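Chemist: Starting off with a structure, shown below.
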Amino acid sequence: MSNLTALSLELITALAALLFLIADAMLPKEKRGYLGYGCIAFLGLLMFGALTMGGPETLSAFGGRIVLDPLALFFKQLSIAIVFLVALLSVDVMKKLPDGHGEFYPILLFILTGMMLLAGATEFVTIFIAIELISIPSYVLAGYHKHVFKSSEAGMKYFILGAFSSALLLYGMSLVYGATGSTQLSEISTALQKLPLESPVSSGFGALLFVGLVLMMAGFGFKIAAVPFHLWAPDVYEGAPSPVTAFLSVGPKAAGIAVIIRVFLLFLEPIQHHWAHLFVILAALSMVLGNLLAIPQRNLKRMLAYSGIAQIGYVLVGLVAATNLESPGGTAQLGISSAMFYMAAYVATNLAAFSVVVVFSCLLGKEEISDLKGLSRLYPGISFCMLIALLSLAGVPPLAGFMGKFYLFSAAWSAGFHWLVGLGVLCSVISLYYYFMVIRTMYFEESPIELKLSLTWPQKLALGVTTLSILFIGIYPSCISTVTLEAARLFLP
Amino acid sequence: MFPILSVIVLAPLAGAAAILLLSGLHIIGKENQAAPRAIALASTVISFLGSIWVAWEFYQYGGGGILFEEPLSWAGRGGQWLAGLGASYHLGVNGISASMVLLSGILGFVAVIASWNIKERMREYFTLVLVALCGVFGVFATLDLFFFFLFYEMASIPMYFLVGMWGSSRKDEQRTVTREYAAMKLLLYLQLGGAMILVGALGMYFGSSARSFDMTLLARENFPVELQRWLFPLLFLGFGIEAGFWPFHTWLPDGHSAAPTALSMLLAGVLLKMGGYGMVRVAMDLLPDGAAWWLGGGGTILSKVFIFCALINILYGALCAMHQKDIKYIIAYSSISHMGIVTLGFASRGVTGINGAVFQMFSHGVITALLFALAGLIYEKSHTRDITQHGGLAARMPILAVFFYLGGLATLGLPGMSGFVAEFLVFLGAFPMYKYVTLAAITGLVLTATYILRAGEKIFLGPLNTKYEAIGDVMGIEKVHLYTLTFFVILFGLFPTLLINLSNPAVTPLAQKLGGLLP
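Going down the list, the sequences are from chains V and Z.
The numbers in my numbering rise by one with no breaks, and the one at position 111 of the first sequence is 566.
The numbers in my numbering rise by one with no breaks, and the one at position 309 of the second sequence is 855.
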C-alpha cells in the first residue's frame, strides 16, 4: 500500500495544471487573463499547505521510489516559492502577448510537479521522468515569444542541448545500473559497499561505474549550468522572455542541486573518492570562469547568466564541503546545510534582481545595462530593490548572500578545503566589480530620457517579497539555517 | 547597567533609519535640507557625548580589562546568530578601543558639521554617512570577530557611494582621476582586505578549541605556532591594505582626494584607523606568537618584510607628497607616510612603541581631519585645489591661515601638539629594536616639514594672487569643526597622559605576550 501523502503536493499540482488547461479552453478569450491570478492564488494556497507539512519522519511511497523527508520538503517548498514568484512576474507580461497565453500557467504547474517529484525521487527512472517533466516544458517556455527571433532561437538551442544532456544522463544511469544491478538508489548503495573498493576502476565493473558517474554528472551539471556545461545559459537567458529567464536562473538549479545532494552525497557516498574531485573541479571552474566572463557583459540578462554560473559554483563548494576528501570524519551535515541555505538565499536574491529586469525589459523592451542610467533618480524604490539584490549577490553584509557565503566558506574551511575558500573569497572580490558597475550606472549617472513605468500589484508583491526576504534572511539567518540543519540531519553518520 | 556602547553604535543607525523612514513617508521632501542635517547632527552628538563618557570612565578606571561589556543573546538560539556557527552580539572596550571610540565620536560630529553645505541629495548623503559611522563605532566596540567583519563592511561599502556620487574628479597635467574610478578602486582594495580578514577569521575560528568568534575567548586560546605564522600575515596585510600599507596604498590618494570634504576626513580620520586597530587588536593580540615571528623575531628575511614596508611607507609617502600640486593629494600622501609610523610602532613590539602607535592613530586622525577640512574650505572659496594657483591668501583669510599652520605644525611634530608626542614615543620605542630603520624613518620628519611648509607657503604667503581679491575668510558654522579638532590636537599635545593612561594598561600585557621591551 503506497502512502500517497508523500505525493500529495505533486498530485494536487498536476490536477490543478489539468484544470487550468481545461479552463483555458473553456473561457472566452478576453477573460483568460484571469487564469494568471487563479494560478497565483493556487500557488499561494499550495505554499501555505507545504509550510504546514513537515515533521521529522520520512514517508515513502511506491516501494521507496519516492520519499518525503525534510530534505525533500525543503526543496519542494523552495520550488513552490520560485514558481509562485515567477507567476507573479508573468501575469502582466503574458497579458500583453497577442495570442494564446493561457497554456503558460499549466506549463508552469507541470514544471513545478516535476521539480517537486525530483526532490523526493530515489530511483533512476523516476528521477529521469521528473527531470524531463521539468525540461520539456522549459524548452517550450524559452521559445514562448513565438514571433521574436531570439526567443525561438533560445528555445531551439535549449532543446537541442538539453536533449543531448538528457541522453547523457540516461546513458550514465544505464551504465550504473549495469554495474550495480539496480535502479533503486538504496540498493545501488548496498551494492557499492560490496564492490572491491580499493581498486574498483581497474576491475571491469568499476570502469563501467566510473564512466556512468561522469556521464550523470554531466547531465546534472547541464541542468544547473556549471562550467564546463554552461554554454547554453547566456544565449538562452538572453533570448527567453524575461519571466522565463527568471525561472530558468533559479528553478533548474534548485532542482538540480536537490537531486545531486540525494543521488551523489546520500547514496553514492561509499565511493565518494571517485567523484568528489570532479565536483571540486566543477566548483572551482564555475566560480572562476563565471565571475571573469560576467565582467565584459553589456546585456543585463547575460551578465546575470554568468553571475548565476558563478553562484552555482559557490553552492558546489558547499556540496564539496560535505565530502570527506580533505578531512576524514567529514562535516557532511554542515556542508549540505550551507549549500541549502545558499540556494534559498540565491533564489530570493536572483528573483529580486530579475523582478527589476522583468519590469524593465518587458514593459520597455530594454535590457542593456546602460539602459539603467539614472534609474535611482526616477524610481528610487525599484532601484533600491535592485541595489539590495546586487549587494546580496556580491556578498555584502548583512544581506542574505553574505550570510550564505559566510556559511558556505565556513563549512568548506572546516572540511579542510582551505584553498577553495581562498579562491571563493577572491572570486567574490572580483564579482564586486561587475555588480557595482550596474549600481554605478543606476546611481552615479543621469538619465537621458524620461521613462514611464507603472508597476502592477503582482510586480510590486514580487519585488517586495524578494527584497524583504533578502533583508530578513540576512538579519535573522537562523530562520533558514535551523530548517536546513534539520533537513541535513540525514547526513549524520 | 546602561548599554552605553550600544547607544553609541546604534545612534547613527537609528538616525539613518529615521531619515529613510521619514523620506519614505514623504515627510522629508527632496528640497528639505534642514531635517536630514538635524537628525544626523543629533545622532552624532549622542555618539560623541557617549564616547567622551566612555573614555573618561576608562581613564578613571585605568586598568587593562574590558569595560562596558554587553553580552546580549537575542538573536537565534542560545545566543547564536547563525545556527551551527558561534557568533554573538558582544560589545566591550579595552583601553585601545576606548581611545578609538573617542576618536570616532569626535570625527563623526565634525564630519556632519563639515557636510553642512552639501546641497545635492541630502537624504541619501546623510543616510550613508550615518550607516558608515555605525560601522566605524561597531568595529571599535565589538568583541566578536564576526560582528567585527560585519561592521567593517558596513563602514566601507557606503564609502563607495559617497565617493562616487558626491565626489569630485581631477583632471590636470599630473593625473586624470574620475570619481567613479576612485570609488571603484577604493571598493576593490578595501574588499580585498576584507576578504583576507574573513579568511583569517575563519582560520582562527576553526583552529580554536572553543569554536567561537569571541575575541575574549580567542585571546586565551593558545593557537599552534604554525597556524599563527600562517594566519598572522594574512590578517596583518588585510588590515594593512585598509591602513594604506605599501604596496597596496594606491587606493588611498585617489579615494581620499576624490571624496567630498567630510568623507576625506572620515576616510583618513577613522577608516585608516580601523586598519591600524585591526592590526593591533586582532592580528597581534590574538596571534602573538605569529606576530613576534613576523615582526622581527623570526630571524629570517621574511620577518623583516613588514618593517621594511613600514619604512617605505614613511619615506615613499613623504617623497610623493613633496611632488604633488593638488592639496588633497599632499595630505593623502602624508597620511600614507604617517600610517607607516603607526606600523613601525606596532612592529617595535614594545610598550613604548605600541603606545606611541596608538597615540599616533588618534593624533593623525584628528590632525588629518583638520587638514582635509581646511583643504575643503580653501577649495570651496578658491575653486581650485592646485597649490600653485593660489598665493598670499593669508591676507584675505587670516583665520584659515592660522588653522592651517596649526595643523601643519602638528603634523610635522612640533612639541606641544599631539603629533610630537606620538612620533617621539614611536621612535623611542623602535630605536632599540631597529636602529638603522628608525634613523632612516626619522628623516621622513624632515620631508614632512618640507612638503607641509611648501604647501603653506604656496597657498598663504607671498604676494596676493589678484584673482582672489574678493575672497572671504571662514565664517559661522565653518569654524566649529576647526575649533573642535584644534582643541583636541593641543589638549593631547599638552596632556598626553590623558590618552596614554587609556592605552598603556592594555598595551603592557600585549607587549609581554609579544616578547617586546617593557618600560
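For every residue, glycine included, the Cβ atom is placed at its ideal position computed from N, Cα and C.
As the structure is a computational prediction, the values presented were derived from the model and not from experiment.
What do you reckon, are the CB atoms on Y823(Z) and I703(Z) nearer than 8 Å?
Modeler: Against a cut-off of 8 Å, the Cβ pair of I703(Z) and Y823(Z) comes out as no contact.
Chemist: Would you check whether the ligand SAH has a heavy atom nearer than 7 Å to the C-beta of S702(Z)?
Modeler: By its list of ligands, the structure shown contains no ligand whatsoever, and the ligand SAH lies outside what it can speak to.
Chemist: Tell me which same chain residues have a C-beta within less than 7 Å of the C-beta of L566(Z), skipping the five on either side of it?
Modeler: Excluding the 5 residues flanking it on each side, L566(Z) has same chain C-beta neighbours closer than 7 Å at T673, in chain order.
Chemist: What's the gap between the Cα of L744(V) and the Cα of G877(V)?
Modeler: 16 Å
Chemist: Would DSSP call R931(Z) helix, strand or coil?
Modeler: coil
Chemist: In the stretch 882-898 of chain V, which residues sit with their C-beta less than 9 Å from some C-beta in chain Z, listed in chain order?
Modeler: Against chain Z - using a Cβ distance shorter than 9 Å - the residues of the stretch 882-898 of chain V are S883, V884, I885, L887, Y888, F891, M892, I894, R895, Y898.
Chemist: Which same chain residues end up closer than 8 Å to G624(Z) when comparing Cβ atoms and leaving out the 5 residues on each side of it in sequence?
Modeler: Annotation note: pLDDT 45 at G624(Z) (below 50); position unreliable, coordinate value reported separately. Nothing meets the Cβ criterion.
Chemist: Can you name the residues of chain V whose CB is closer than 7 Å to the CB of I703(Z)?
Modeler: V851
Chemist: Considering only the beta carbon of each residue, do S650(Z) and V904(Z) sit closer than 8 Å?
Modeler: No. Outside cutoff.
Chemist: Listed in chain order, which residues of the stretch 974-993 of chain Z have Cβ atoms closer than 7 Å to some Cβ of chain V?
Modeler: Within the stretch 974-993 of chain Z, no residue has a Cβ that lies closer than 7 Å to any Cβ of chain V.
Chemist: At what residue ranges does the stretch 863-895 of chain Z contain a whole run of the alpha helix (DSSP H), taking only runs of 4 or more?
Modeler: 873-893
Chemist: Let me check understanding here. Comparing Cα to Cα, which of Y632(V), R487(V), G661(V), T635(V) lies closest to P553(V)?
Modeler: R487(V)
Chemist: Per DSSP, what are the beta-bridge partners of A516(V) in this structure?
Modeler: I521(V)
Chemist: Checking 8 Å against the spacing of the C-beta atoms, do T922(V) and I843(V) come in under that value?
Modeler: Yes, they are a contact pair.
Chemist: Look up R623(Z) in the DSSP assignment and say whether it is helix, strand or coil.
Modeler: With a pLDDT of 40 at R623(Z), under the threshold of 50, the modelled position of this residue cannot be trusted; read the value that follows with caution. R623(Z) falls in the helix class under three-state DSSP.
Chemist: So which of L647(V), I894(V), V705(V) has the shortest CA-CA distance to D826(V)?
Modeler: I894(V)
Chemist: Report, in whole angstroms, the separation of the C-beta atoms of M798(V) and L533(V), which I expect to be a contact under 8 Å.
Modeler: Between the beta-carbon of M798(V) and that of L533(V) there is about 7 Å, and that keeps the pair under the 8 Å contact cut.
Chemist: Comparing C-alpha positions only, which one of G499(V), P561(V), T804(V) sits nearest to I535(V)?
Modeler: G499(V)
Chemist: Can you give me the C-alpha to C-alpha distance between A621(Z) and Y635(Z), rounded to a whole angstrom?
Modeler: With a pLDDT of 42 at A621(Z), under the threshold of 50, the predicted position of this residue should be treated as unreliable, though the coordinate-derived value follows. Using only the alpha carbons, I get a separation of about 8 Å.
Chemist: Once you ignore the five residues that flank E726(Z) on each side, which residues in its own chain have a CB closer than 7 Å to its CB?
Modeler: G710
Chemist: Does the distance from the C-beta atom of M549(V) to that of L528(V) stay below 8 Å?
Modeler: The answer is no: Cβ separation not under 8 Å.
Chemist: Taking the alpha carbon of L543(V) as the reference point, which residue from F809(V), I904(V), L572(V) has its own alpha carbon closest?
Modeler: F809(V)
Chemist: For W620(Z) and chain V, any beta-carbon pair shorter than 8 Å?
Modeler: Unreliable positioning characterises W620(Z) in this predicted model, as indicated by a pLDDT of 45, which lies under 50. A coordinate reading is not provided.
Chemist: Please compile the residues from chain V whose C-beta is within a distance smaller than 9 Å of the C-beta of F707(Z).
Modeler: I894, Y898, F899
Chemist: In its own chain, which residues sit with a C-beta less than 6 Å from the C-beta of L830(V), not counting the 5 before and 5 after it?
Modeler: S838, M897
Chemist: Can you give the beta carbon distance from T568(V) to A472(V), rounded, assuming they're within the 8 Å contact cut?
Modeler: 7 Å
Chemist: DSSP three-state call for N578(Z): helix, strand or coil?
Modeler: coil
Chemist: With C-beta atoms as the reference, is M628(V) less than 8 Å away from F579(V)?
Modeler: yes
Chemist: In the DSSP assignment, what residue or residues form a beta bridge with A576(V)?
Modeler: Paired residue(s): I521(V).
Chemist: Thinking just about the alpha-carbon of each residue, which of R931(Z), F908(Z), I900(Z), Y1014(Z) is nearest to the one in L1064(Z)?
Modeler: I900(Z)
Chemist: At which residues does the alpha helix (DSSP H) containing V743(V) begin and terminate?
Modeler: 727-749
Chemist: Just the chain V side, please: which residues come within less than 8 Å of G710(Z) by C-beta, in chain order?
Modeler: R895, Y898, F899
Chemist: Let me check understanding here. Comparing Cα to Cα, which of C855(Z), C680(Z), Y982(Z) lies closest to V553(Z)?
Modeler: For the residues C855(Z), C680(Z), Y982(Z), the minimum Cα distance to V553(Z) belongs to C680(Z).
Chemist: Please report the straight-line C-alpha distance between Y925(Z) and I550(Z), rounded to a whole angstrom.
Modeler: 38 Å
Chemist: Counting only C-beta atoms, is F864(V) closer than 8 Å to chain Z at any point?
Modeler: yes
Chemist: What residue range does the alpha helix (DSSP H) around L637(Z) cover?
Modeler: No alpha helix (DSSP H) holds L637(Z); the beta strand (DSSP E) holding it covers 636-639.
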